[in-house]
Amino acid sequence: MILRLRQLAALAMLAVLELYRRKDLFVVFLLAMVILLPLAFFEPFGVSGASRYINELALLLIWIFSIIIGLGVSARLFPPEFESRTIYPLLAKPVGRGTVLFGKYLGGLGASVSALLVFYLAYALLAGVRQGAWFTPVLLQAFLLHVGFMTVLSSLALLGSLVLTPSATLTLCGLTTAGMLAFGQRLPALAAAQTGPGRSVLLTIHWLAPHLEFFDMRQRVVHAWPCVDGWACAAVLGYAACYAALCLALASRAFRRKRL
Amino acid sequence: MDTVVIQNVSKRFGNTLAVDNLSLAVHPGEILGFLGTNGAGKTTTIKMLLGLLSPDSGRVRVLGGDPCAPAARSRIGYMPETATYYPYLNLRELLFFYGGLCGMTRSAVRARAEMLIERVGLGAAAGRLLRTYSKGMLQRAGIAQALLHDPDLLILDEPLTGLDPLARIHFRDMILDLREQGKTVFFSSHELSEAELICDRVAILKQGALVVCGAMQALAGDGGQNLERVFLKVLEADTAREVPA
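Protein sequence lines, in the order shown, are assigned to chains A and B.
Each residue of the first sequence is one higher than the one before, starting from 1 at the first, in this note's numbering.
Each residue of the second sequence is one higher than the one before, starting from 1001 at the first, in this note's numbering.
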């Protein structure tokens, strides 16, 4: 058990160190700060009370940047190992493939969540300066569910990176994420309006694709609505854990079958 | 008990027979040179010894166990032919990473890493990112990571690639030192002159099959041929032969 924990810590630390030393993560991070922080002092249309629009825009940017970081980080955890052949000395050590996969996943998720935390701190600063609401409970809940979202997104990208090329992974995961955030909630209604194969396709997507819209709390934060019930939040986080576990199990199978 | 036992092992990739009914044993405390032309099946055999590939038929035992088992792999040190390692880590971080995978404590890694860094001559460069290393420096980093957990069996795949003459001499001394300590070395190489200098026995592969295996002196024969001549001769011959040790 201690050996397994040491191995997981080493793998996660490797992923985090590598990701932070690559400058491209900082570019996204810097870009987000450059866009987010001036919003704290910007008055749209000359109206000083238009905070909701600003908050909505800021949260949209946080979501877009978190998707870019989450996909970019997780989709690149394994391909460089195969390209530079570091996978051979790695797997020659007394470490199982499942441990390698999970350790790298934890590292990628850790790096993504740390960037997300900074985004939310910037948002809290923005909201605090404009409205005096620094760390509202609904913002904390939104952050928690956003972490759940990153858990699913990272596992999906990791699975894709083991069965597809990096560009195909980014395209497919990007489309899935955007599609489910936009239409996930309406899929049953859309399916009901269809007949024949179209209905089956939509229902299949409804049951198989990750319902990422569950994690989107932007409207509640923007309109300062109350938090969702604790049991609902726990259920959504449970869904994230189950979906991520399924993706990781499939990724583990793909990794074991991968020809070295 | 032999350190490595390969019994009637075959491995095929599609229509290509990479390893053809290979049988070979490596004795404890010896340096075995594993030689062959490009595509002879050396790296495939090494991957099977590390449990990275499973043989289609036959059996592989390493240090008395299945090479897929972590217990066996915790006693194996492996240096790959061309690894660039992690470009955004420095050598110390790389060794801490591999030490963590081997379950070593930080203090154990620190003590061992500093000794190995000095031994491979990278003391001045240990804090630099690996992406700034030359090919020869990366090879030396590879040697350090392979020896980090003090393995009983060292598997080296083309370890001399990119090393300058001085580094080769140091490397040779290090390998001979390891033999003195009772370690077993499985040495795959194209460098016949180096193999001749350090190996107790050599095994030569041709198109996946073992064509000759024996002690250096026995292979050289009465004429005292060098390994290069022996290598040419056995690759031109059709039949396999076993030379007594």
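Each residue gets a CB set at the ideal place from its N, CA and C atoms; glycine is no exception.
Ranked by Cα distance from L156(A), the options S167(A), L59(A), Y243(A), V113(A) are led by Y243(A).
Here DSSP, grouped into helix, strand and coil, assigns D1020(B) to strand. For A1025(B), the secondary structure class from DSSP, reduced to helix, strand or coil, is strand. In this structure, the CA atom of I1175(B) is about 34 angstroms from the CA atom of F255(A). Taking a beta-carbon distance threshold of 8 angstroms, I1076(B) counts as an interface residue toward chain A. Judged by pairs of C-beta atoms under 8 angstroms, the stretch 60-80 of chain A touches the stretch 112-121 of chain A, as three or more such pairs exist. Relative to the Cα of L1154(B), the nearest Cα in the group A133(A), G174(A), P89(A) belongs to P89(A). By the criterion of a C-beta distance shorter than 7 angstroms, Q194(A) is surrounded in its chain by L202, once the five residues flanking it on both sides are discounted.
Beta-carbon to beta-carbon, T177(A) and I35(A) are separated by about 20 angstroms, too far to satisfy the 8 angstroms threshold.
Boundaries of the beta strand (DSSP E) harbouring Q1007(B): 1004-1013, taken from the DSSP string.
Taking 8 angstroms as the upper bound for CB-CB distance, V1019(B) and T1044(B) are in contact here, some 5 angstroms apart. It is roughly 7 angstroms from the alpha-carbon of L159(A) to the alpha-carbon of L250(A). Sixteen is the threshold: when 16 or more other Cβ atoms of the shown chains lie within 10 Å of the Cβ of G1051(B), as they do, the residue is buried. Around the beta carbon of D1152(B), a 10 Å sphere encloses 16 or more other beta carbons of the protein chains shown; the residue is thus reported as buried.
Shortest Cα-Cα distance from A1209(B) to any of G1033(B), K1042(B), P1028(B) involves K1042(B). The beta carbon of S154(A) lies closer than 8 angstroms to those of G70, V73, S74, Y105, G108, L109, S112, A244 in the same chain, with the five residues before and after it left out.
In the DSSP assignment, V138(A) falls within the alpha helix (DSSP H) that extends over 137-163.
Between L139(A) and V221(A), the C-beta spacing is below 8 angstroms.
The beta carbons of G103(A) and A240(A) sit no closer together than 8 angstroms. As the crow flies, the alpha-carbon of T1016(B) is around 15 angstroms from that of S1057(B). In terms of beta-carbon proximity, K93(A) lines the interface with chain B, with at least one pair separated by less than 8 angstroms. Residues of chain B whose Cβ lies closer than 9 angstroms to the Cβ of Y105(A) do not exist, since the nearest Cβ in that chain is about 16 angstroms away. In this model, C173(A) and R218(A) are separated by some 21 angstroms (Cα to Cα).
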